[in-house]
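Number of protein chains: 2
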Amino acid sequence: MFSYKQLQDFCISVFQEMGCPIEEAEMAAKVLISADLRGVDSHGVARLIGYVRLWKNGRINPTPNIKIVHETPSTAVVDGDAGLGLVVAPKTMEIVMDKADNVGTGWASVKNSNHYGIAGHHAMMALERDMIGMSMTNASPLVAPTFAKERMLGTNPIAVAIPANEQPPFVADFATTTAANGKLEILQRKQEEAPTGWVQDADGNQSVDASALKGGGALLPLGSDRVRSSHKGYCLGSIVDIFSAVFSGANFGPWAPPFVSFLPLHPNPVGEGLGHFFGAMRVDAFRPADEFKADMDTWISRFREAEPVSPDQKVLIPGDPEREFEKIRKLEGIPLLDPVIKDLEEVAAEFGMKFPL
Amino acid sequence: MFSYKQLQDFCISVFQEMGCPIEEAEMAAKVLISADLRGVDSHGVARLIGYVRLWKNGRINPTPNIKIVHETPSTAVVDGDAGLGLVVAPKTMEIVMDKADNVGTGWASVKNSNHYGIAGHHAMMALERDMIGMSMTNASPLVAPTFAKERMLGTNPIAVAIPANEQPPFVADFATTTAANGKLEILQRKQEEAPTGWVQDADGNQSVDASALKGGGALLPLGSDRVRSSHKGYCLGSIVDIFSAVFSGANFGPWAPPFVSFLPLHPNPVGEGLGHFFGAMRVDAFRPADEFKADMDTWISRFREAEPVSPDQKVLIPGDPEREFEKIRKLEGIPLLDPVIKDLEEVAAEFGMKFPL
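For the protein sequence lines, the chains are A and B, in the order given.
Sequential numbering of the first sequence, starting at 1, is according to full-length UniProt numbering.
Sequential numbering of the second sequence, starting at 1, is according to full-length UniProt numbering.
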């Protein structure tokens, strides 16, 4: 078990060793550990070694000049200058929130970025300013569209954060696939089968082999199969891809750069780096903030009270499970798996440090 | 088989008999029949009798004063004045497109409206102005959130239309449930079972009974069950509900008014009428239009060429099936089922007309 402070100090030091200025090292550490706090372990410090390897391969610029390359009063295209997505994302959220201050809403598509961590963190930045936040990103191709054998899309998550008053905020944050890759990896370690509808094998047949992805298979879009509307998950993943990468001029679809440094970049890229899309809408661009938030309180409490199928499991509001994790982990600390600790020790050794410091 | 002209003339006459001004009768007929043309038969002239019954019950105002009640340069809240959603929707799309002309994007949430027909029609209006269009609406509660027995959400569709250059546009238009209610009704008529994952019974157990909904059951969110991530479909349906109804002050969640006139309105409404949400983003608010559209051409042709599982079924682009229907039905006419023809004859008799005229 590790305290927030331990992980924070370590991550900041590592990002500084990579050459990041202190403010940006702090920003990146905050995004990364927010995933661990919220129980999204696949996107937290477990990924630190991945970022370090990309940096060693020259794919991450620790001192990027992140700038707007095109804009209107409500929109921007941002060039991430190959910076850490963990820094490019919160900086772009500031841009869209400032635009929302001026004209009601702000929207930005980002090119030339890298993996941006947990989508929900960026959307939630808007809550402090009484805004609705949105965040999405494209990612390494692992997902086969309906009827396809080939991997064409990433798990392309969507996050939407909406403030309430007395109730906690509504925070949806989900991959547009049936299951995230991290869940398959857990089953592989346990040598258990995957549920049907998560994955297909290299021939495009549905599979319960949790290693099917490693064997050349693909993750399935939300909906799982044609009968249960996998084309809708394919639509959603495509919308995320187009908003993130075609709007900005990043690499889209099967051209999206891989997160892992051992896979080569596409020899004929169609754009620059990875793409993201962010939005902020001022609550009072639609209704007086107190009216809006009072209605959100009603919405949330009514859905919480929806009659459950079983008395043992109440209906949840998007964001509830992550809030529960955060409450516990802030108090008790953050558990890390042995392979993750080993990776962090390897990162530490790389820079002549110890983990924990 | 009926020609477009036959259905158009009939619908326009009916809307005029209801008291709609000629321009609005034409607008409503166009939206309605666009669904029949595109093969979305459940949302076309089959629904005309439903609108007439709502009007007879005093729930539709044929001469609404549709107006902006709150706005910023990029946003508006529109009061539909209990008008036909078929008219309120295209009028609001004009508002968001004009805002996009001015500041890059435009967004509107609508209250006090009624069923707005096929979501995709409204999103596609943006294509003619080189904009990305978005359209969503809440609807009568038929859907149980994950872990719930109770119907809390509508089928709450999302439509996104994105222009290309030489390729046809990308048009996603889908309910946020696994299956639409219309598909269950078809199985009921054929006395066939429903696939698993579409519906649950009144106790909240998954069911293959195509009549389960009529017996007090509920439609399931996209994803079908917890293991296959129905909570993501529940998130999507909730986002549509909140953007459409909490942003505007319409009735949200289980308070959404029913489409069918024989069901009473909620005795304690939390807002006014049904809600919608629309968006328009100018393509050149992000990139020069020709660059953007050339990349969309690449996106579309690359996905079309994705390696298929079977040589008999190529990978489709969102909008392909509907375009195929439209091509055929424009040439050959629109087939109507006998019960629909009977309904239209009943509507005709109501106003001393004939169907077809």
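Glycine included, every Cβ here is placed at the ideal spot set by N, Cα and C.
### Query
Looking at chain B, which residues of the segment 134–167 of chain A have a Cβ within less than 7 Å of any of its Cβ atoms?
Listed by position, the residues of the segment 134–167 of chain A near chain B (Cβ gap below 7 Å) are P145, F147, A148, K149, E150, M152, V160, I162.
### Query
Of all Cβ atoms in chain A, is any one closer than 7 Å to the Cβ of B:V69?
no
### Query
Hey, how far is the Cα of A:V260 from the Cα of B:D173?
In a straight line, the C-alpha of A:V260 is about 34 Å away from that of B:D173.
### Message
With H, G and I counted as helix, E and B as strand and the rest as coil, what does DSSP make of A:M136?
### Response
strand
### Query
Which value, in whole angstroms, describes the spacing of the CA atoms of B:A159 and A:I239?
10 Å
### Query
Quick one: Cα of A:P267 to Cα of A:A256, how far?
12 Å
### Query
Got a sec: is the Cβ-Cβ distance from B:A119 to anything in chain A below 7 Å?
no
### Query
So, is the C-beta of B:F286 closer than 7 Å to a C-beta in chain A?
yes
### Query
Secondary structure at A:T298, three-state DSSP: helix, strand or coil?
helix
### Query
Where B:K111 and A:N61 are concerned, what is the direct C-alpha to C-alpha distance, given to the nearest angstrom?
Taking the straight line from one Cα to the other gives about 47 Å.
### Task
Please confirm whether A:R226 and A:T146 have their CB atoms less than 7 Å apart.
yes
### Query
When you compare only the Cα positions, how much space is there between B:I133 and B:G279?
Residue 133 of chain B is actually Gly in this sequence, not Ile. Distance between the alpha carbons of B:G133 and B:G279: 6 Å.
### Task
Give a yes or no on whether the minimum CB-CB distance between A:W55 and chain B is below 7 Å.
Not one chain B Cβ lies under 7 Å of A:W55.
### Task
Take the Cβ of B:M18 as the centre, count every other Cβ of all protein chains shown within 10 Å, and call the residue buried at 16 or more, exposed below.
Counting the other CB atoms within 10 Å of its CB gives B:M18 a total of 16 or more, which places it among the buried residues.
### Query
Can B:A119 and B:P157 be called in contact, C-beta distance under 7 Å?
Taking a C-beta distance under 7 Å as the contact criterion, B:A119 and B:P157 qualify as a contact pair.
### Message
Counting only C-beta atoms, is B:M126 closer than 7 Å to chain A at any point?
### Response
The question names Met, yet the displayed sequence has Ala at residue 126 of chain B. Taking Cβ atoms only, chain A never reaches closer than 7 Å to B:A126, which makes this a no.
### Task
For A:V315, go through chain B and note every residue whose CB falls closer than 7 Å to its CB, in chain order.
P145, F147, A148
### Query
chain B beta carbons: is any one of them nearer than 7 Å to that of A:E17?
No, its Cβ sits nowhere closer than 7 Å to a Cβ of chain B.
### Query
Checking contacts by CB at 7 Å: is B:V103 closer than that to chain A?
B:V103 counts as touching chain A.
### Query
To which residues does DSSP link A:L153 through a beta bridge?
Per DSSP, A:V143.
### Query
So which residues of chain A does B:D79 contact, with C-beta pairs closer than 8 Å?
None at all; the shortest Cβ gap to chain A is about 12 Å.
### Query
Would you say A:D338 faces chain B, with C-beta separation under 7 Å as the test?
no
### Task
State the beta-bridge partners of B:E71 as determined by DSSP.
Answer by DSSP bridge pairing, in chain order: B:A76.
#### Entry: Residues near A:V315 by beta carbon distance below 7 Å, same chain, minus five either side
F303, R304, A306, P308
### For A:S140 and B:A126, the rounded distance between their alpha carbons
31 Å
### Query
Can you find at least 3 beta carbon pairs, one from the segment 85–94 of chain B and one from the segment 62–72 of chain B, that sit closer than 8 Å?
yes
### Query
How would you write the range of the alpha helix (DSSP H) that A:P102 sits in, first residue to last?
Looking at the sequence itself, residue 102 of chain A is Asn, so the reference to Pro does not match. Residues 85–103.
### Query
To the nearest angstrom, how far is it from the Cα of A:V340 to the Cα of B:T155?
42 Å
### Task
Identify the contact partners of A:D295 in chain B, using a Cβ-Cβ distance below 8 Å as the criterion.
Under a criterion of Cβ atoms nearer than 8 Å, the residues of chain B adjacent to A:D295 are, in order, V246, G249, F252, V270, G271.
### In chain order, each alpha helix (DSSP H) run of at least 4 residues that lies wholly inside the segment 188–258 of chain B
230–241
### Task
Would you check whether the ligand SAH has a heavy atom nearer than 6 Å to the C-beta of B:E326?
Looking at this structure, you won't find the ligand SAH or any other ligand, since it has none at all.
### Query
Taking the C-alpha atoms as reference points, what is the distance between B:F325 and B:V40?
9 Å
### Task
Find the residues of chain A that neighbour B:A179, judging by a C-beta separation of less than 9 Å, and give them in chain order.
V227, R228, S229
### Query
Which of helix, strand or coil does DSSP assign to B:V315?
The answer is coil: DSSP assigns B:V315 none of H, G, I, E or B.
### Query
Among B:A108, B:V14, B:P356, which has the Cα closest to the Cα of B:G80?
B:A108
### Query
So, is B:P311 buried or exposed, given that buried needs 16 or more other C-beta atoms within 10 angstroms?
Counting the other CB atoms within 10 Å of its CB gives B:P311 a total below 16, which places it among the exposed residues.
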